[in-house]
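Student: Questions regarding the structure given below will be posed in turn.
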Amino acid sequence: MSENRTVWEVFIQSKNGLAHKHVGNVHAEDKIMALENARELYTRRNEGSCIWVVKSKDIISSESEDGEAFFDPSNDKMYRHPTFYTMPEGSKYI
Amino acid sequence: MTEEKFQKRIDREEKIEPKDWMPEGYRKHLIRQISQHAHSEIIGMQPEGNWISRAPSLRAKMILLAKVQDEAGHGLYLYSACETLGVSRQELVSQLHSGKAKYSSIFNYPTLSWADMGAIGWLVDGAAIVNQVSLQRTSFGPYSRGMVKICKEESFHQRQGYEIMAQMAQGTSEQKAMAQDALNRFWWPSIMMFGPNDSDSPRTGNAMKWKIKRKTNDELRQEFIDKTVNQAEIIGLTIPDKDLKWNDERQHYDFGEMDWDEFWSVVNGNGPCNKQRLNHHKKAHDDGQWVREAAKSYSQKKELIAN
Ligand SMILES: [Fe+2]
Ligand SMILES: [Fe+2]
Chain A
6 MSENRTVWEV FIQSKNGLAH KHVGNVHAED KIMALENARE LYTRRNEGSC IWVVKSKDII
66 SSESEDGEAF FDPSNDKMYR HPTFYTMPEG SKYI
Chain B
1095 MTEEKFQKRI DREEKIEPKD WMPEGYRKHL IRQISQHAHS EIIGMQPEGN WISRAPSLRA
1155 KMILLAKVQD EAGHGLYLYS ACETLGVSRQ ELVSQLHSGK AKYSSIFNYP TLSWADMGAI
1215 GWLVDGAAIV NQVSLQRTSF GPYSRGMVKI CKEESFHQRQ GYEIMAQMAQ GTSEQKAMAQ
1275 DALNRFWWPS IMMFGPNDSD SPRTGNAMKW KIKRKTNDEL RQEFIDKTVN QAEIIGLTIP
1335 DKDLKWNDER QHYDFGEMDW DEFWSVVNGN GPCNKQRLNH HKKAHDDGQW VREAAKSYSQ
1395 KKELIAN
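This is the structure we're talking about:
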């Protein structure tokens, strides 16, 4: 029998209202065990109000090597930033 | 990417992530260092686990349990970081069992009295903290993030140990003698935890160049000694080194020669508890076999039902 268990990535919401943040991973056979292991391993000190676990193999990541080409298009769209625009002299609250 | 480009990234203080190109030597060094670190956390549970059932109060027992559980967590964070380099948990455990991978020699010493729980928390965790604080800035992302998390948990470990030492040092003369005896036995192995002197540490060059390590063994050792001397004085215990003396010129403590023959003999398997520690780990691993199998069968059965 294979000894290699499924790896699950763990995301924790530290407080109600905040986004979940990646904290690490756990090994587990199924989703309930993954959640329980994540609770034992990552929230022994009240670090969270909610935990997500996702199978690592289900996460799709961009390649860091072609990161430049992948993210390049946003560089030449400066008009997406508020500083691109010229406001009339003396205008306030905008 | 070439090695030169990689080094430029390192020099710019960029973090290296698992999918990034890295020299084979960098990957190998990391696997060796991180797995050794992980194994130390796991094997390190044994000397303290030895006293959980004999803790002198409920408070002491709860604290020790929580501390030992934290160490298991540290081991798991580090195994996770190591696995991102393409080595499986199973492989890491088998390297530990075959002796190919090492763990910190300090855990091959026995824990003979309750005062040893104090000495371990104060000195062994204290030394580990000095090392781990500097490793928060290591160049490998997953290792660095693991260190940040571990450091947050460590300071209670050292404080609970120092509290035990302080209490015993103020107790009856027998209790004070036990505390002093624990300090005598753990002092030298603790300062040798930082590893050989820089002049005898051939791998330090690469580790510093690649910023896997941010400070050398000797720098870390000096830092630990400088911090600890005063703590011993405050609780009225004596560090067992007659050469220990403040050096005004260096603004550091000078200290005596370490016994490297003993160090290497323990590393190579001849410490008082090497066999016991490994056998215990193997037995626990084997005894857990049926649990792993049952969990796997159970999840397969549930999947069948669900489909
Ligand atoms: Fe630890
Ligand atoms: Fe610790």
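Those sequence lines, one after another, are chains A and B. Each residue of the first sequence is one higher than the one before, starting from 6 at the first, in the numbering used here. Each residue of the second sequence is one higher than the one before, starting from 1095 at the first, in the numbering used here. Cβ coordinates follow ideal geometry from the N, Cα and C atoms, glycine included. These numbers come from a predicted model, not from an experiment.
When you compare the CB positions of residue 1289 of chain B and residue 1311 of chain B, do they come within less than 8 Å of one another, or not?
Tutor: Taking 8 Å as the Cβ cut-off, residue 1289 of chain B and residue 1311 of chain B qualify as a contacting pair.
Student: Does the pairing of the segment 1293-1310 of chain B with the segment 1115-1124 of chain B give three or more beta-carbon distances under 8 Å?
Tutor: Yes: at least three Cβ pairs fall under 8 Å.
Student: Does chain B have any CB closer than 8 Å to the CB of residue 6 of chain A?
Tutor: Low local confidence applies: a pLDDT of 41 at residue 6 of chain A is under 50, so the model's placement there is unreliable, and no value is given.
Student: Along the segment 1170-1199 of chain B, what residues have a CB closer than 7 Å to any CB found in chain A?
Tutor: The residues in question are 1170, 1171, 1174, 1182, 1183 and 1184.
Student: So is residue 21 of chain A in contact with chain B if we call contact Cβ pairs under 8 Å?
Tutor: Output row for residue 21 of chain A: interface = no.
Student: Going along the chain, which unbroken runs of the beta strand (DSSP E) with 3 or more residues stay wholly within the segment 20-79 of chain A?
Tutor: Whole beta strand (DSSP E) segments, 3+ residues: 25-33 and 55-60.
Student: Whose Cβ in chain B lies nearer than 7 Å to the Cβ of residue 30 of chain A?
Tutor: The contacting residues are 1174.
Student: Reducing DSSP to helix, strand and coil, say where residue 1341 of chain B ends up.
Tutor: If DSSP states are grouped into helix, strand and coil, residue 1341 of chain B belongs with the strands.
Student: Taking 8 Å as the cut-off, decide whether the C-beta atoms of residue 1276 of chain B and residue 1210 of chain B are in contact.
Tutor: Cβ atoms of residue 1276 of chain B and residue 1210 of chain B: closer than 8 Å.
Student: Please report whether the beta-carbon of residue 1215 of chain B lies at a distance below 8 Å from any beta-carbon of chain A.
Tutor: Chain A contact via Cβ: absent.
Student: Compute the beta-carbon to beta-carbon distance between residue 1238 of chain B and residue 1109 of chain B, rounded to the nearest angstrom, for a pair I have assumed lies under 8 Å.
Tutor: About 6 Å separates the two Cβ atoms, so the contact holds.
Student: Check whether the segment 1199-1217 of chain B and the segment 1261-1278 of chain B touch, using three or more Cβ-Cβ pairs below 8 Å as the test.
Tutor: Touching, yes.
Student: Do you know whose CA, among B:1299, B:1345, B:1337 and B:1308, lies nearest residue 1321 of chain B's CA?
Tutor: Of the candidates B:1299, B:1345, B:1337 and B:1308, the one whose C-alpha sits nearest the C-alpha of residue 1321 of chain B is B:1345.
Student: Got a sec: is the Cβ-Cβ distance from residue 1377 of chain B to anything in chain A below 8 Å?
Tutor: No, no contact with chain A.
Student: Using the three-state DSSP reduction, which class does residue 1412 of chain B fall into: helix, strand or coil?
Tutor: Examination of residue 1412 of chain B is not possible in this model, given that chain B is present from 1095 through 1401 alone.
Student: Okay, do the segment 1125-1138 of chain B and the segment 1176-1192 of chain B touch, 3+ Cβ pairs below 8 Å being the bar?
Tutor: Segments in contact, yes.
Student: List the whole-angstrom C-beta distance separating residue 1352 of chain B from residue 1282 of chain B, where the pair is believed to meet the contact cut-off of C-beta under 8 Å.
Tutor: Contact flag correct, Cβ pair sits at about 6 Å.
Student: Count the C-beta pairs between the segment 1133-1147 of chain B and the segment 1163-1171 of chain B that are closer than 8 Å, then say yes if the count reaches three, no if not.
Tutor: As far as the Cβ criterion goes, the segment 1133-1147 of chain B touches the segment 1163-1171 of chain B, which means the pair count is three or higher.
Student: Output the distance between the C-alpha atoms of residue 48 of chain A and residue 1177 of chain B, rounded to the nearest integer angstrom.
Tutor: If I take the Cα positions, the gap works out to 22 Å.
Student: What is the residue span of the beta strand (DSSP E) that residue 11 of chain A lies within?
Tutor: 11-18 is the span of the beta strand (DSSP E), which, as asked, contains residue 11 of chain A.
Student: What is the DSSP secondary structure of residue 1379 of chain B, counted as helix, strand or coil?
Tutor: Three-state result, residue 1379 of chain B: helix.
Student: Can you give me the C-alpha to C-alpha distance between residue 1287 of chain B and residue 1315 of chain B, rounded to a whole angstrom?
Tutor: Residue 1287 of chain B and residue 1315 of chain B: Cα-Cα distance of roughly 8 Å.
Student: Could you give the distance in angstroms between the alpha-carbon of residue 1159 of chain B and the alpha-carbon of residue 1100 of chain B?
Tutor: Straight-line Cα distance between these residues: approximately 43 Å.
Student: I want to verify the contact list: residues of chain A whose CB lies under 9 Å from the CB of residue 1167 of chain B, in sequence order.
Tutor: Within chain A, the residues near residue 1167 of chain B are 45, 46, 47 and 49.
Student: So, helix, strand or coil for residue 1114 of chain B, using DSSP?
Tutor: Here residue 1114 of chain B sits in coil by DSSP.
Student: Is any beta-carbon of chain A found at less than 8 Å from that of residue 1393 of chain B?
Tutor: Closer than 8 Å: yes.
Student: Output the distance between the C-alpha atoms of residue 6 of chain A and residue 1387 of chain B, rounded to the nearest integer angstrom.
Tutor: In this prediction, residue 6 of chain A has a pLDDT of 41, which is less than 50 and means its spatial position is unreliable; nothing more can be read from the coordinates.
Student: Check the Cβ-Cβ distances between residue 1390 of chain B and every residue of chain A, and say whether any is below 8 Å.
Tutor: Judged by the 8 Å Cβ criterion, residue 1390 of chain B is in contact with chain A.
Student: List the endpoints of the continuous alpha helix (DSSP H) containing residue 81 of chain A.
Tutor: No alpha helix (DSSP H) contains residue 81 of chain A, which DSSP labels as neither H nor E.
Student: Is residue 1113 of chain B close to chain A, meaning its C-beta is less than 8 Å from at least one C-beta of that chain?
Tutor: Yes, residue 1113 of chain B counts as interfacial toward chain A.
Student: Determine the burial state of residue 1248 of chain B: buried for a count of at least 16 other Cβ atoms within 10 Å of its Cβ, exposed for fewer.
Tutor: It is buried - the Cβ of residue 1248 of chain B has at least 16 other Cβ atoms within 10 Å.
Student: Could you tell me which of A:28, A:51 and A:15 sits nearest to residue 39 of chain A, measuring between CA atoms?
Tutor: That would be A:15, whose Cα lies nearest to the Cα of residue 39 of chain A.
Student: Which residue or residues does DSSP assign as beta-bridge partners of residue 1423 of chain B?
Tutor: With chain B covering only 1095 through 1401, there is no way to say anything about residue 1423 of chain B.
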